[in-house]
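The structure appears below as structure tokens.
In the UniProt record's numbering, the protein residues as written are 1 to 464.
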């Protein structure tokens with residue numbers, strides 16, 4: 001495994017602060033926000049001073065029913081080559097569903113949604129991973145995601161699912177310990193037991209991030225400092241296996257550079273302290289299942305980590321599907337569409353068809369007026385539906401700031417109503433344009449002043 005060290009997720013909003021971090025080993029960039037040949041100057045400067053850059057994809061949807069898009073794979077490969085990356089990473093998730101080729105609509109979630117942990121879904125995922133591996137110039141690592149929902153038909157634990165995935169494909173793992181904490185709070189899963197059973201010999205690196213608890217559920221916002229429970233899980237993982245790298249994620253409510261530097265110092269201290277203790281105990285004695293200990297719930301009493309992060313962020317949740325950049329770049333020419341991976345012993349066509357139906361039904365319930373799929377918790381569906389609409393409203397405001405500027409305090413309500421009534425069929429930029437078109441339609445739009453409509457029409461002329 002490539003030794004990465006301690007890093008941070010690079011975002012344009014933090015570019016100047018990150019540039020001043022002289023002890024930073026590496027950064028991770030959202031691959032979909034990078035146009036090959038047009039690297040942001042601040043990112044290019046980091047690369048030139050020797051900081052490693054790792055592309056982190058959010059749009060492949062490797063856990064979806066379809067084979068991965070050749071164009072998306074080509075883009076990811078080009079970004080990896082552009083930044084000289086030692087590996088690329090993605091998620092075990094689905095992000096879209098539906099079949100536009102059959103006269104239906106392909107709906108975009110705008111978020112990472114869980115894959116059913118069934119053997120059929122695993123067959124599909126393994127084939128998709130092999131296709132991606134064949135298309136990429138560097139190794140691929142996949143991340144466990146944070147979830148509010150659980151599929152009622154799950155057959156495998158997360159550790160079993162990831163273990164079989166690694167065994168069948170050789171893919172590496174990006175373990176997000178904040179997401180393990182999310183699963184602990186939201187689903188009652190024991191993160192220490194999961195860590196003890198994971199194939200950590202395949203570990204590429206680790207994510208840590210902050211979140212917030214609302215209504216008894218943990219929301220992985222990436223907009224708050226890393227809590228003690230997540231730092232404790234990082235220590236538990238380090239006691240089992242020294243990670244090649246650890247990365248801090250922050251996607252919203254960006255704090256001062258000094259606060260980010262303090263969080264990175266805490267992370268370094270946890271890794272260093274655990275490394276010293278594991279050399280004395282774990283490597284000599286072995287680790288029984290669950291031995292790393294149970295993480296503390298936020299606010300619970302217990303021993304403090306080496307230091308506390310400075311300050312607290314605030315603001316709307318962002319989560320692990322960051323806002324896109326200022327606009328889509330021209331996609332490179334894709335290869336011919338790939339068929340089933342060579343040598344795959346499983347015919348995945350029937351499994352893909354069944355997975356497509358179940359994922360489409362779930363997404364229809366979350367983004368449209370579809371009924372709740374059998375076996376899902378109705379309240380969790382409501383919370384997830386609300387979170388998706390809120391994220392869509394927040395991202396539209398970020399990519400099209402003219403919309404909240406024109407609507408003022410009415411923006412949030414109007415954007416949420418739009419998100420609930422009109423599922424997203426393309427990206428966030430097109431969603432913002434469609435929202436603006438509907439706002440300016442006198443027949444169906446809300447009551448706006450003449451000045452508001454004029455400003456929105458001018459913006460549409462400039463961006464359509």
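Glycine residues also receive a C-beta, built at the ideal position from the N, C-alpha and C atoms.
Original post:
residue 12 to residue 257, Cα distance in whole Å?
Top reply: Rounded to the nearest angstrom, the gap between the Cα atoms of residue 12 and residue 257 is 13 Å.
Original post:
chain B beta carbons: is any one of them nearer than 9 Å to that of residue 449?
Top reply: Absent from the structure: chain B. Only one protein chain is present.
Original post:
Between the C-alpha atoms of residue 63 and residue 114, what's the straight-line distance to the nearest angstrom?
Top reply: Here the alpha carbons of residue 114 and residue 63 stand approximately 8 Å from one another.
Original post:
Going by DSSP, which residues form a beta bridge with residue 196?
Top reply: Beta-bridge partners assigned by DSSP to residue 196: none are found.
Original post:
To which residues does DSSP link residue 96 through a beta bridge?
Top reply: Looking at the DSSP assignment, residue 96 forms a beta bridge with 108.
Original post:
residue 355: buried (16+ other C-beta within 10 angstroms of its C-beta) or exposed?
Top reply: Classified as buried, residue 355 has 16 or more neighbouring CB atoms from the shown chains inside 10 Å of its CB.
Subject >> Environment of residue 443 [buried if 16+ CB atoms lie within 10 Å] >> reply: Under the 10 Å beta carbon count, residue 443 is surrounded by fewer than 16 other beta carbons and is classified as exposed.
**OP:** Assign residue 49 to buried or exposed, taking buried as 16 or more other Cβ atoms, counted over all protein chains shown, within 10 Å of its Cβ.
**Re:** Exposed is the call here.
Original post:
Under three-state DSSP, which class holds residue 454?
Top reply: When DSSP states are grouped into helix, strand and coil, residue 454 belongs to the helix group.
Original post:
Can we say the segment 370 to 386 touches the segment 430 to 450, given the rule of at least three CB pairs closer than 8 Å?
Top reply: The count of Cβ pairs closer than 8 Å, one atom from the segment 370 to 386 and one from the segment 430 to 450, stays below three, leaving the stretches out of contact.
Subject >> Cutoff 7 Å; reference residue 307; Cβ partners in own chain excluding five residues on either side >> reply: Per-residue confidence for residue 307 stands at a pLDDT of 31, beneath the threshold of 50, marking its modelled position as unreliable; no derived number is given.
Subject >> Chain-order list of residues whose beta-carbon lies under 7 Å from that of residue 361 (same chain, five-residue window excluded) >> reply: Cβ within range, chain order: 370 and 373.
**OP:** For residue 116, I'd like the list of residues in its chain whose CB is within less than 8 Å of its CB, leaving aside the five on either flank, ordered along the chain.
**Re:** Closer than 8 Å at Cβ, skipping near neighbours: 151, 153, 154, 355 and 358.
**OP:** Could you tell me which of 126, 215, 464 and 187 sits nearest to residue 351, measuring between CA atoms?
**Re:** When only C-alpha atoms are compared, the closest one is 126.
Original post:
With a cut-off of 8 Å, do at least 3 Cβ pairs link the segment 13 to 25 to the segment 59 to 77?
Top reply: These segments do not touch.
Subject >> residue 56 - partner residues in DSSP beta bridges >> reply: According to DSSP, which records beta bridges pairwise, residue 56 is partnered with 30 and 89.
Subject >> Residues near residue 189 in its chain [Cβ-Cβ closer than 6 Å; skip 5 each side] >> reply: Short of 6 Å from the beta carbon of residue 189, and not among the five residues preceding or following it, lie these beta carbons of its own chain, in chain order: 183.
Original post:
How many angstroms separate the CA atom of residue 147 from the CA atom of residue 96?
Top reply: Our two residues, residue 147 and residue 96, have alpha carbons roughly 16 Å apart in a direct line.
Subject >> Backbone CA spacing between residue 8 and residue 51 [nearest angstrom] >> reply: Each residue's CA atom was taken as its position, placing residue 8 and residue 51 some 11 Å apart.
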